[in-house]
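> The structure is given below, and queries will be raised subsequently.
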Amino acid sequence: MKIRLRDLGEGRQDIGIDQPAAQRELPGCGPLRGELVAERTGDVVLVTGELRFSAELSCSRCLQPFSGTFRQELDLCYRPATAAAAPGKERELSADDLAASEYHRGEIDLWPELREAVLLALPLKPLCREDCRGLCPACGADRNQGDCGCREDRGDHRWDRLRELAGG
Ligand SMILES: [Zn+2]
Ligand SMILES: [Zn+2]
């Protein structure tokens, strides 16, 4: 996914993203999509917008595969790569330099930042659903499929109601 500076006029320009994710780098990810806006001022290019994609993950509780849809905001700044600092003379880095990515030979490669955005958007502990009941620690059964019959150590509350009725 590359943008050539000479194809960008000054000012704002829409960039549509629709590209298959490299399965080697982002296994399980569907195509990356998004409507981005590139804004060029001289040599500096800002790219903003939202990236969307779906991914096949496995649930961290029940271990079942599921697919989820994810979004990630992009807010990128590119400036031309500066010539290497002269030996013995370190260039001071400003906050802007640190936040910006450099591009070479008039060509901006969006891929490293898109890849990073995907990794940021993916949850560290994916859940097939918010209330996934996970696997039974005693027998390993998937508790989303039904009650396996094992008792939780926390005690059996089924008798509470009976006691209430009897005592009531
Ligand atoms: Zn699950
Ligand atoms: Zn069980």
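Under our numbering, the sequence shown has 224 at position 148, and the numbering climbs by one with no breaks.
Ideal Cβ positions, reconstructed from N, Cα and C, are used throughout, including at glycine.
Treat the numbers as computed from the prediction; the structure is a model and nothing was measured.
1) With hydrogens ignored, establish whether the beta-carbon of C153 is closer than 7 Å to any heavy atom of ligand 1.
2) Given a threshold of 16 other Cβ atoms within 10 Å of its Cβ, counted over all protein chains shown, does C204 qualify as buried or as exposed?
3) Within its chain, find whatever has a CB closer than 8 Å to the CB of R49; leave out the 5 residues flanking it on each side and keep chain order.
4) Among L108, I91, I93, G92, which has the Cα closest to the Cα of Q99?
5) Mind checking which residues open and close the alpha helix (DSSP H) that includes L195?
6) Pick helix, strand or coil for R155, following the three-state DSSP scheme.
7) For Q89, list the residues DSSP reports as bridge partners.
8) If you follow the beta strand (DSSP E) that G125 is in, where does it begin and where does it stop?
On the basis of the supplied data:
1) The sequence position of residue 153 within the sequence shown is 77, counting from 1. The answer is no for C153.
2) Here residue 204 corresponds to residue number 128 of the sequence shown, with the count starting at 1. So C204 counts as buried.
3) Beyond the ends of the chain as shown, which are 77 and 244, falls residue 49; an answer cannot be given.
4) The sequence position of residue 99 within the sequence shown is 23, counting from 1. In this structure, L108 is the residue among L108, I91, I93, G92 with its C-alpha nearest to the C-alpha of Q99.
5) Along the sequence shown, one-based indexing puts residue 195 at 119. Unbroken alpha helix (DSSP H) run through L195: 187-197.
6) For the purposes of this step, residue 155 is taken as the residue at position 79 of the sequence shown. Residue state, collapsed to three classes: strand.
7) For the purposes of this step, residue 89 is identified with residue 13 of the sequence shown, where counting begins at 1. According to DSSP, which records beta bridges pairwise, Q89 is partnered with A114.
8) Indexing the sequence shown from 1 puts residue 125 at position 49. In the DSSP assignment, G125 falls within the unbroken beta strand (DSSP E) covering 120-134.
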